[in-house]
Every structure is written in structure tokens, then in C-alpha cells.
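Numbering-wise (the working numbering), the sequence shown opens with residue 1 and increments by one.
Have a look at the structure below, then the notes.
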Amino acid sequence: MAVLIDGTALAARMTRETAARAAQLSLQHGIVPGLAVILVGDDPASRIYVERKLQRAGEAGIRSIEHRLPAHTDQETLLALIAACNADDAIHGILVQLPLPAQIDPARVLDAICPGKDVDGFHPVNVGRLSTGTGGLVPCTPLGCMRLLETVIEDFRGLKAVVIGKSNIVGKPVALLLLDRECTVTITHILTRGLPEIARTADILVAAAGSPGLVRPDWIKPGAVVIDVGINRVRGIDGKARIVGDVASEGMDHAAAITPVPGGVGPMTIACLLSNTVRAAERRGA
Ligand code: NAD
1 MAVLIDGTAL
11 AARMTRETAA
21 RAAQLSLQHG
31 IVPGLAVILV
41 GDDPASRIYV
51 ERKLQRAGEA
61 GIRSIEHRLP
71 AHTDQETLLA
81 LIAACNADDA
91 IHGILVQLPL
101 PAQIDPARVL
111 DAICPGKDVD
121 GFHPVNVGRL
131 STGTGGLVPC
141 TPLGCMRLLE
151 TVIEDFRGLK
161 AVVIGKSNIV
171 GKPVALLLLD
181 RECTVTITHI
191 LTRGLPEIAR
201 TADILVAAAG
211 SPGLVRPDWI
221 KPGAVVIDVG
231 INRVRGIDGK
241 ARIVGDVASE
251 GMDHAAAITP
261 VPGGVGPMTI
271 ACLLSNTVRA
281 AERRGA
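Below you can see the structure in the form of C-alpha cells.
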């Protein structure tokens, strides 16, 4: 029977540790970590994500400042707000909720965030630091995947890892983190040929495709550890909407361990965002 890796419990533990670090920072240096969260438009899913982040920030002793801008906001207005947050010493982390409305170029916006405050880890400087293994702020979902893997794997060296998906926010950075731990990494994507055979070679399989139930039980090598990043809204036969991952939810007993959806990677993403924010503030205090 595969071990179910409990992301909700691990995220709660990590958030308690982050709160303790925030308290220490406040006690020793009088710094209260501050996180600016910027939401442009009223996409319902983005609103829910932002509300969750703000709520959890409070639990971790982080002061959050929410900026809600209308959907018709132009790029210059958003860039001016980011410049103001960059200059504000009380703000240690800046998060711009994606996706942005069509009139705004996300690359311009992410480039404008000061790398030291880029708690999402999307700025080219932080991407470069990740690829050269020289510190920097690491994207939250990939960091969460690594923390989950560390609960069941002691020694990553030489393990074969297969990542499904090559996005800048999940696939590529998680592949770099696995490479940094001396795994042999294969990155795959929608045009990869023979994906099931490649997946079957994996000791660690990370599925981040956004395709419900893509990974079938016969894609999994016995004893593999499976991280399911996918969040897909589907309708069941009862007509009710529910969230499923990229990995089939049944027939995975031969895996060594697997993350559930929901309750796996999702809660870890927010926990890592809070940890990154306190880390950014700690660097300021150092
Ligand atoms: P994306 O659309 O930017 O990238 C998807 C990648 O998967 C692409 O590289 C694409 O080539 C590949 N892909 C798509 N279908 C495939 C298929 N059938 N076979 C092989 N490769 C395929 O998506 P993303 O932003 O990287 O997100 C991926 C999934 O992870 C989504 O379901 C998203 O909702 C989820 N996600 C979850 C969290 C979390 O906190 N748990 C965070 C970010 C993303």
C-alpha cells in the first residue's frame, strides 16, 4: 500500500516554524515581515487564492497588504505600484497574482519586482540563481514538492526523476531542484514521444501537466514516489464539480508514496510562500 504524503499536515508544521522565525525576527531586530499581494481584475479562482494567502500570512505573523486593482488597469499603473512596494522598507515580499489581464505583459511586471522581494521566485535573477545553484528565492510550488519528497526520501543522489510539464512556474524549476540534489532528470511535455515508457523508468515522478488522470497506474514503476501537482476541476457523474490531480486516483498501491489531490502539493505552495517572505525579511535583518 502506498504511503499517502500528507501535505496539509506538513504545511501546518512548516507554517508554525515560519511563525516562530517571524517572531524571532521581530524580537531581535524589530522587523515584522510584510507581504504585498497585488490582484488585478476579478477572476474568481485568483480571488480565492489571494484570500487564502492573506489568511495564512496572518497565521504566520506576516503583515499583509492587499492591493486590488480593477481589470482595466494599465501596465504603467501596475508598474508604478510595484515601484512603490520596492521602495517601501516595511514590505519584504511582493506577489502579483497571475494570470494578469491581456493588456499587461506578465514578463515586464515580474521583471519589475526587486529580486530580493520576489517571493514567487519568478524574476530572471532568481531563475538564474536557481539554475546555477547560488541561492535566491525559489518558486513556491517546486519548493513544496521537494519538502514533500524529503519526508519519504533520505538520499536523492542517483535517483531517476521524471518531470511531466515544462512550465516556468513548476516543471522547469522542480527539475532544477531535483538536478541540484544529484538526481538524473528527464523533463517531458505534451510533444514528448513514448511518455508512458519514460515515466516507468522514474524513481521520482512529478506530474505537472494540468491533465486530469493523465498518469495511469501502469506508468508507475513499483516503489516509485509520485508527486501530483495537477489541480483540475472536473464534473463527476453526479454532476458535481470536484478537484482531481494529473495522476489516476485508484490503482496506485505499487507506488512507495504518493501525494493526494487535494491535500498534497496545494497547501505546501502557500506554506512555502510564507517561508520565502520571512526569508526575504531575515535577509534584510541580517
Ligand atoms: P502549464 O499549462 O503552464 O504547463 C503544462 C505543461 O504540461 C506544459 O509544459 C505541457 O507541455 C505539459 N503537458 C500538458 N499536457 C500534457 C500531456 N498530456 N502530456 C505531457 N505533457 C503535458 O501548467 P502549470 O502552470 O505548470 O501547471 C500544471 C498543473 O499544476 C495545473 O493543473 C495547475 O493547476 C497545477 N498547479 C498546481 C499548483 C499547486 O499549488 N498545487 C501550483 C501551480 C500549478
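Ideal Cβ placement from N, Cα and C applies to all residues, glycine included.
- When the five nearest sequence neighbours on each side are left out, the beta carbons in the same chain lying within less than 7 angstroms of the beta carbon of R235 are those of A241, in order along the chain.
- At a threshold of 7 angstroms, N126 does not count as near ligand 1, since its beta carbon sits no closer than that to any of the ligand's heavy atoms.
- Taking every protein chain shown into account, the CB of S275 has 16 or more other CB atoms within 10 angstroms, so this residue is buried.
- Residue nearest to H29 within the set L10, E17, D6, A90 is A90 (criterion: CA-CA distance).
- Nearest C-alpha to D111 among T184, P101, A102, I94: I94.
- Rounded to the nearest angstrom, the Cβ distance from V96 to I38 is 5 angstroms, consistent with a contact under 8 angstroms.
- Between L214 and A207, the CB-CB gap stays under 8 angstroms.
- Your pair R284 and I31 checks out as a contact, with CB atoms roughly 7 angstroms apart and the cut at 8 angstroms.
- Membership of L143 in the alpha helix (DSSP H) is indicated by the continuous run 140-150.
- By the C-beta criterion, the region 13-30 is judged not to be in contact with the region 247-261, since fewer than 3 inter-stretch pairs fall below 8 angstroms.
- Annotation for G133: D180 place their beta carbon closer than 6 angstroms to its own, counting only its chain and skipping 5 residues before and after.
- Three or more pairs of CB atoms, one per stretch, sit closer than 8 angstroms, so the region 157-167 contacts the region 190-199.
- Boundaries of the alpha helix (DSSP H) harbouring V125: 124-132, taken from the DSSP string.
- Straight-line measurement puts the Cα of L54 at about 22 angstroms from the Cα of C145.
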